[in-house]
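What follows is a set of notes on a single structure, which appears directly below.
Number of protein chains: 2
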Amino acid sequence: MKDVNVADEVTRAAVELFAAQGYANTSVQQIVEAAGVTKGAMYHYFESKDDLLFAIYDRMLSLQKAHLDEIIARGGPTEQVLHDVCVDVIETSIDFLPEGTVFFRSMHMLTAPRQQEVTRRRREYHDEFAALIERGQQEGRYRTDIPRSVLIANFFSDVHYLSHWYSPEGPEGRGLVAEQLTDLFLSGIRATAGGVSASDDGASAAAVGGGAR
Amino acid sequence: MKDVNVADEVTRAAVELFAAQGYANTSVQQIVEAAGVTKGAMYHYFESKDDLLFAIYDRMLSLQKAHLDEIIARGGPTEQVLHDVCVDVIETSIDFLPEGTVFFRSMHMLTAPRQQEVTRRRREYHDEFAALIERGQQEGRYRTDIPRSVLIANFFSDVHYLSHWYSPEGPEGRGLVAEQLTDLFLSGIRATAGGVSASDDGASAAAVGGGAR
DNA sequence: ACGGTCATACCGACCAGACGGTATGCACCG
DNA sequence: CGGTGCATACCGTCTGGTCGGTATGACCGT
Numbered sequence: 001m002k003d004v005n006v007a008d009e010v011t012r013a014a015v016e017l018f019a020a021q022g023y024a025n026t027s028v029q030q031i032v033e034a035a036g037v038t039k040g041a042m043y044h045y046f047e048s049k050d051d052l053l054f055a056i057y058d059r060m061l062s063l064q065k066a067h068l069d070e071i072i073a074r075g076g077p078t079e080q081v082l083h084d085v086c087v088d089v090i091e092t093s094i095d096f097l098p099e100g101t102v103f104f105r106s107m108h109m110l111t112a113p114r115q116q117e118v119t120r121r122r123r124e125y126h127d128e129f130a131a132l133i134e135r136g137q138q139e140g141r142y143r144t145d146i147p148r149s150v151l152i153a154n155f156f157s158d159v160h161y162l163s164h165w166y167s168p169e170g171p172e173g174r175g176l177v178a179e180q181l182t183d184l185f186l187s188g189i190r191a192t193a194g195g196v197s198a199s200d201d202g203a204s205a206a207a208v209g210g211g212a213r
Numbered sequence: 001m002k003d004v005n006v007a008d009e010v011t012r013a014a015v016e017l018f019a020a021q022g023y024a025n026t027s028v029q030q031i032v033e034a035a036g037v038t039k040g041a042m043y044h045y046f047e048s049k050d051d052l053l054f055a056i057y058d059r060m061l062s063l064q065k066a067h068l069d070e071i072i073a074r075g076g077p078t079e080q081v082l083h084d085v086c087v088d089v090i091e092t093s094i095d096f097l098p099e100g101t102v103f104f105r106s107m108h109m110l111t112a113p114r115q116q117e118v119t120r121r122r123r124e125y126h127d128e129f130a131a132l133i134e135r136g137q138q139e140g141r142y143r144t145d146i147p148r149s150v151l152i153a154n155f156f157s158d159v160h161y162l163s164h165w166y167s168p169e170g171p172e173g174r175g176l177v178a179e180q181l182t183d184l185f186l187s188g189i190r191a192t193a194g195g196v197s198a199s200d201d202g203a204s205a206a207a208v209g210g211g212a213r
């Protein structure tokens, strides 16, 4: 099965190098050397350097979308489903930390049509996530005084940022961090007894205390 | 004052192009054309393309650090100070949205020493921010069941992510979004009434999984 | 069994061109 | 006259991609 091995080895090396040095700073020569193959072999399996990059995106997107669908299909109370979705995407992102680095850093290096494709598939994920939040809002669980798009951005930002600070060698296990970030997010969007006062007086908001149940 | 004008115009064009196409995909030729100057003029003011990129970082870092110091120097209750700091960094990031795009996307394109310099100055900001959180924790205001580094990452992620979703043309004013994100963050880190507090003796947060009750 | 044919997998020298950077020169100013 | 501010032509390097060629092996008619 040399077929699989070459393509896989190239992909592996590419992710590693792209994450470490960036897409533009990594030459095809470097990749094939790191993968232990030749340029000819690589161009036999990939149309272009861009194609190689897209393969990384494709794998990530497919994986996370599959997870999302599976969790939603499982059903259950909104809070539970949302919790599971959040934890999963964080854990998955930790499992694929180098891919994540490349993902957010090099998206603009893709050719226009592929960039659109990535955007489209990310929006699919986004929309399903948004539907979950909306469901929770209709159930009175989550606050409605802040636009839904802001609530969602607030969560995805955490996923996005992971590759900038999380280290697998650090003290925190991936499962723990996932629970913690999810908890922070859910605590933030939970509907509270009182409203939110915008401009002045940030201090008095503390008096409201938690709507923790 | 042609001196200032040329350098400024080049910087302006560079930010715009870097944000739109990425650093690596933007040639020096493109920059000088967009700025309405010649390559000779540009290389008279900047040592290299890298130098140009660093100038962008330098400006952002100086600005935000100055703001931070000013707000902290103003004093006041912890909650108020932290609130103001959060709002400010978000508003500033919105004012310099293209710079922000470049900032996070192209850091790895800087030469090693400059990358270190940027990291060093970011850490300065980070540490002052961490000190604020710690103060709030000692006052019993903020939860201690989650590592401080996670709390902080949770906030900076929002700042980081802004350039990926916020649009000045959108319905949300920059001040409003800043308040909303700040509120979400503060709601998340607030110590809950009956919840875990006191000394952090390790992983006491495991209870999160079941989702309330 | 066997020569021949064809497709697939792979090799690696080579190329066109783009890019960052420089060298040289000139105009203007104090 | 010297120095600053800039213009322009030019260069060496490096890169993505190509292309002619070879090795391997399955299949086939005889």
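Protein sequence lines correspond, in order, to chains A and B. For the first sequence, UniProt numbering begins at 1 and goes up steadily by one. For the second sequence, UniProt numbering begins at 1 and goes up steadily by one. Ideal Cβ placement from N, Cα and C applies to all residues, glycine included. These numbers come from a predicted model, not from an experiment.
Once DSSP output is grouped into helix, strand and coil, what is the label at residue i?
i	result
Tyr142(B)	strand
residue 214(A)	As displayed, chain A neither begins before 1 nor continues past 213, which places residue 214(A) out of reach and without an answer.
Leu110(B)	coil
Phe96(A)	coil
Asn5(B)	helix
residue 268(B)	Nothing in the structure corresponds to residue 268(B), since chain B is present only between 1 and 213.
Glu91(B)	helix
Thr119(A)	helix
Glu20(A)	Position check: residue 20(A) holds Ala in this sequence, whereas Glu was assumed. If DSSP states are grouped into helix, strand and coil, Ala20(A) belongs with the helices.
Thr26(A)	coil
Phe104(B)	helix
What does DSSP give as the partner residues of residue i in its beta bridges?
i	result
Arg190(A)	Tyr142(A)
Can you grab the Cα-Cα spacing for the pair residue i / residue j, in whole Å?
i	j	result
Leu17(B)	Asn5(B)	18 angstroms
Thr38(A)	Val28(A)	10 angstroms
Ser106(A)	Ser106(B)	9 angstroms
Gly170(A)	Ile94(A)	12 angstroms
Gln180(A)	Asn154(B)	10 angstroms
Gly100(A)	Gly22(A)	12 angstroms
Glu9(A)	Gln64(B)	43 angstroms
Ala207(A)	Asp58(A)	Low per-residue confidence applies at Ala207(A): pLDDT is 34, beneath 50, and the placement is therefore not dependable enough to give any value.
His67(A)	Phe46(A)	27 angstroms
Ala41(B)	Pro168(B)	33 angstroms
Phe103(A)	Ala19(A)	9 angstroms
Arg123(A)	Ile152(A)	12 angstroms
Gln116(B)	Pro98(A)	20 angstroms
Val32(B)	Ser48(B)	13 angstroms
Thr26(B)	Leu184(B)	37 angstroms
Thr11(B)	Tyr142(A)	44 angstroms
residue 214(A)	Tyr166(B)	Since the first residue shown for chain A is 1 and the last is 213, residue 214(A) is missing from the structure and cannot be characterised.
Glu134(A)	Ala73(A)	17 angstroms
Arg120(A)	Glu70(B)	43 angstroms
Phe96(A)	Ser163(A)	9 angstroms
Phe156(A)	Val118(A)	16 angstroms
Asp84(B)	Gln30(A)	47 angstroms
Asn190(A)	Ser187(B)	Before going further, note that residue 190(A) is Arg rather than Asn in the sequence given. Approximately 9 angstroms between the Cα atoms of the pair.
Val15(A)	Met109(A)	14 angstroms
Thr92(A)	Ala35(B)	43 angstroms
Ala13(A)	Leu61(A)	19 angstroms
Gly175(A)	Thr192(A)	27 angstroms
Thr182(A)	Asp88(A)	10 angstroms
Ser197(B)	Glu172(A)	Residue confidence is low: Ser197(B) scores 38 on pLDDT, short of 50, so the model does not pin down where it sits. No coordinate-derived value is stated.
What residue from the options has the CA that sits closest to residue i's CA?
i	options	result
His126(A)	Asp145(A), Tyr43(A), Ser149(A), Gln137(A)	Ser149(A)
Gln137(B)	Pro77(B), Met107(B), Arg120(B)	Pro77(B)
Ala7(B)	His44(B), Gln115(B), Cys86(B)	His44(B)
Thr111(A)	Asp51(A), Val159(A), Ser157(A)	Asp51(A)
His160(A)	Gly188(A), Glu128(A), Ile90(A), Thr182(A)	Ile90(A)
Gly75(A)	Arg122(A), Leu132(A), Glu33(A), Val118(A)	Leu132(A)
Glu139(A)	Arg123(A), Glu79(A), Ile71(A), Ala34(A)	Glu79(A)
Glu128(B)	Leu186(B), Gln30(B), Val81(B)	Val81(B)
Tyr113(A)	Phe54(A), Val15(A), Leu186(A)	First, the residue type needs correcting, since residue 113(A) is Pro and not Tyr in the sequence shown. Nearest option by C-alpha distance: Phe54(A).
Asp158(B)	Thr26(B), Cys86(B), Glu172(B), Ser187(B)	Cys86(B)
Pro147(B)	Arg121(A), Ile56(A), Asp145(A), Ala178(A)	Ala178(A)
Within 7 angstroms: the Cβ of residue i and any heavy atom of the ligand MN?
i	result
Thr101(B)	Ligands in the displayed structure: none, and consequently the ligand MN is not present.
Worksheet entry | alpha helix (DSSP H) runs contained entirely in the stretch 30-71 of chain B, provided each spans 4 or more residues | 39-45
Worksheet item: Which runs of the alpha helix (DSSP H), 4 residues or longer, sit entirely within the stretch 122-188 of chain A?
Response: 148-165
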